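First residue of the sequence shown? That's -17 in our numbering, and the numbers climb one at a time after it.
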Amino acid sequence: EQINYMKDVIITDEEVEYMTNHCIYLPLWYFTFLKGFRFNPDEVSIRQDEQGHLEISVQGKWFSTIMWEMPILSCISELMHTLRGDLERYDAELEYRRAIQKSEAIFGGGLTLGDMGTRRRLSFTHHEAVVKAMSEVYASREWPGKFTGSSNVWLAMKYHISPLGTMSHQLISFEENVSGVFECNFNVMKKFSDVYDGDNGIYLYDCFGDKVFFSNLSKRMAMMYKGLRVDSGSEEEQTEKIIEKYKQLGIDPSTKQVCYSNGLNIDRALEIHRYVDGRVQDSYGMGTFLTCDVTGCEPMNIVLKLTKCRITEKREWHDCVKLSCDLSKTLGRKEKCDYLKSLLK
C-alpha cells in the first residue's frame, strides 16, 4: 500500500526553486527531469518468508530504481515501529528534550556534524523533531561545533539549513563490472568530478577496502577532492592511513576533510574528534543515533544495495558487491566476494 502511494508523489515548484538555489552543483536540466519523474511501483517486488523475513527487490532503469532507497527503508522502519507499539509509547516532549540535550553535547563538544538519519528513523515526526531541535540549539548562540545540515532535503528546506550528502557505494560497485576492481575507484573519481565540476568532493573510498583505493589514488585526484569518508573499519586506523597517504603525495593533511559516518553515537564521535586532534578537518554524519535512539525502542538493521547490473536488457547480468574495510559489512553474492578478495590479497 505504501509503495503504491509513491506513484502520486511529484516534486513541487517550491522544492525545485529551493534546490536550484541550494544544490548549485545540479544542472538545470536535472530539475526538468525531476518534474517529469514518477515512481513506478511495478519496479518493486515484496516477499516474506515463513520466518517473517522481509525481502524487497527493485528492478528497472538505474535512474529510476536509485530513487527508491530512501522511501522504501524509511517506510519499512516507521511501519515496523508502529507494529511494535513504539509510536504509541512515544513521548514527544521527552524525546524533544533528549534531542536538545544531544544537540548541546554535539555542538558544545566541538563536533562538525550533519543529520543522515532518514533511512532508519523511528518516524517522520520524530525525525523532524530532531532536526528542529538541532536547528534551534545551533542558532541559539555561538558554539565550538558546527551544524552542517540534513541529508533530508525537505527538512533542510523547511528549517533553512543546508542539504548535505556524499555519495553511494553503488556507483563504485557498478563500475567494478566495467573497469575492474583495481581501476574502478580511479575511474569513478574522475567521472564524479567531471559531472559535478569539483563540487560534492567527499569520496566514499571503502567499497573494496582501503588498500586498493590508496594504491591508485593520484595526487591530482587527492588535490581535486575535498576529502574522504570513513564508513567502515577502525576510525583510528583509517585516520592514520589517510594522513600517511596525503603526506606521501605531498599534501598537508590538515587541509583535507575526513567525514566519519560508521554507525556513530555522540560519545564515539567525541572520542574520534579528540584522537584526530586537528590533524585533519574531521566532520561527522550521524543517522540512527539521532533519529531512532528513542526510549524503549530497538532500531532496525536494514539496507537496500545494488546486487546486479547489466548494460542493456539484452546483456547478461553481473553481480555487484561491496567488501568494505569491515567483514561484517560485506554485501553481495559470496562467490563474487570471495573472487574479488582473492584478487586483492
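Cβ atoms here follow ideal geometry from the backbone N, Cα and C, with glycine treated the same way.
Just so it is clear, the structure is predicted and the values come from calculations on it, not from any experiment.
Can you have a look at GLY131 and say buried or exposed, based on whether 16 or more other CB atoms are within 10 angstroms of its CB?
Here the question's residue 131 lines up with position 149 in the sequence shown. By the 10 Å Cβ count, GLY131 comes out buried.
Could you tell me if ASN3 is buried or exposed, where buried requires 16 or more neighbouring beta carbons within 10 angstroms of its beta carbon?
By one-based count along the sequence shown, residue 3 stands at place 21. In summary, ASN3 is exposed, with fewer than 16 beta-carbon neighbours lying within 10 Å of its beta-carbon over all protein chains present.
Contact under 8 Å by Cβ, CYS241 with TYR266:
In the sequence shown, counting from the first residue as 1, residue 241 sits at position 259. In the sequence shown, counting from the first residue as 1, residue 266 sits at position 284. With contacts defined by Cβ atoms closer than 8 Å, CYS241 and TYR266 form a contacting pair.
Excluding the 5 residues flanking GLU60 on each side, which residues of the same chain have their C-beta closer than 6 Å to its C-beta?
Taking the sequence shown and counting its residues from 1, the one referred to as residue 60 is at position 78. Take GLU60, set aside five residues on each side of it, and the residues of its chain with a beta-carbon closer than 6 Å to its own are SER105, in chain order.
If you count every other CB in all the chains shown that lies within 10 Å of the CB of GLU317, and 16 or more means buried, which is it?
Here residue 317 is taken as the residue at index 335 of the sequence shown, counted from 1. That one is exposed.
Within 10 Å of its beta-carbon, does PHE15 have 16 or more other beta-carbons around it, so buried, or fewer, so exposed?
Looking up residue 15 in the sequence shown gives position 33. Flag for PHE15 reads exposed.
Could you have a look at TYR7 and say whether DSSP puts it in helix, strand or coil?
Your numbering for residue 7 matches position 25 in the sequence shown. The answer is coil: DSSP assigns TYR7 none of H, G, I, E or B.
Taking its Cβ as the centre, do 16 or more other Cβ atoms sit within 10 Å of PRO235, making it buried, or is it exposed?
The residue labelled residue 235 in the question sits at position 253 within the sequence shown. PRO235 comes out buried.
Just tell me which of ASP259, SER197, TYR141 has its CA closest to the CA of LYS114.
Taking the first residue of the sequence shown as 1, we reach residue 114 at position 132. Per the Cα distances, TYR141.
Rounded to whole angstroms, what is the Cα-Cα separation between GLU(-3) and LYS17?
Taking the first residue of the sequence shown as position 1, residue -3 is located at position 15. Taking the first residue of the sequence shown as position 1, residue 17 is located at position 35. Here the alpha carbons of LYS17 and GLU(-3) stand approximately 10 Å from one another.
Relative to the C-alpha of GLY269, which residue among ILE284, VAL258, HIS255, ARG261 is closest?
Walking along the sequence shown from the start, residue 269 turns up at place 287. Scanning ILE284, VAL258, HIS255, ARG261 for the CA closest to the CA of GLY269 turns up ILE284.
In the DSSP assignment, the beta strand (DSSP E) including MET268 goes from what residue to what residue?
Locating residue 268 in the sequence shown gives position 286, where the first residue counts as 1. Element bounds for MET268: 263 to 268.
Let's see if you can read the secondary structure: which residues bound the beta strand (DSSP E) around THR130?
On the sequence shown, residue 130 is found 148 positions in, with the first residue counted as 1. Run containing THR130: 128 to 132, per the beta strand (DSSP E) assignment.
Which two residues bound the contiguous alpha helix (DSSP H) that contains ILE248?
As a working mapping, residue 248 is identified with position 266 in the sequence shown. Counting along the chain, ILE248 sits inside the alpha helix (DSSP H) bounded by residues 248 to 258.
Please say whether ASP188 and CYS279 have beta carbons closer to each other than 8 Å?
As a first step, residue 279 must be located in the sequence shown, where it is residue number 297. As a first step, residue 188 must be located in the sequence shown, where it is residue number 206. Remark: C-beta atoms of CYS279 and ASP188 do not approach each other more closely than 8 Å.
Entirely within the stretch 153 to 179 and at least 4 residues each: give me those alpha helix (DSSP H) ranges in chain order.
Entirely contained in the stretch 153 to 179, the alpha helix (DSSP H) runs reaching 4 residues are, in chain order, 166 to 178.
Buried or exposed (CB count within 10 angstroms, at least 16 for buried), PHE45:
As a position in the sequence shown, residue 45 is number 63, starting the count at 1. Answer is exposed; the Cβ neighbour count stays below 16.
By a C-beta neighbour count over all protein chains shown, 10 Å radius and 16 as the cutoff for buried, is TRP50 buried or exposed?
Along the sequence shown, read from residue 1 onward, the residue named residue 50 stands at position 68. It counts as buried.
Sub-8 Å separation of GLU157 and VAL170 beta-carbons:
Position 175 of the sequence shown, counted from the start, is the residue given in the question as residue 157. Position 188 of the sequence shown, counted from the start, is the residue given in the question as residue 170. Taking the C-beta atoms as reference points, VAL170 is found nearer than 8 Å to GLU157.
Is the separation between the beta-carbon of GLY90 and that of HIS255 shorter than 8 Å?
Here residue 90 is taken as the residue at index 108 of the sequence shown, counted from 1. Here residue 255 is taken as the residue at index 273 of the sequence shown, counted from 1. By the CB criterion at 8 Å, GLY90 and HIS255 fall outside the cutoff.
Is the stretch 200 to 217 touching the stretch 289 to 303, taking contact as three or more C-beta pairs under 8 Å?
Contact between the stretch 200 to 217 and the stretch 289 to 303 is absent, because fewer than three Cβ pairs lie under 8 Å.
Cβ separation of VAL262 and ILE224, assumed to be a contact under 8 Å, to the nearest whole Å:
Sequence index remark: in the sequence shown, residue 262 carries index 280 (1-based). Sequence index remark: in the sequence shown, residue 224 carries index 242 (1-based). At roughly 7 Å, the Cβ-Cβ gap stays under 8 Å, so VAL262 and ILE224 are in contact.
From the DSSP secondary-structure annotation, give me the bridge partner or partners of ARG202.
As a first step, residue 202 is located in the sequence shown; it is residue number 220 there, counting from the start. None, per the DSSP bridge assignment.
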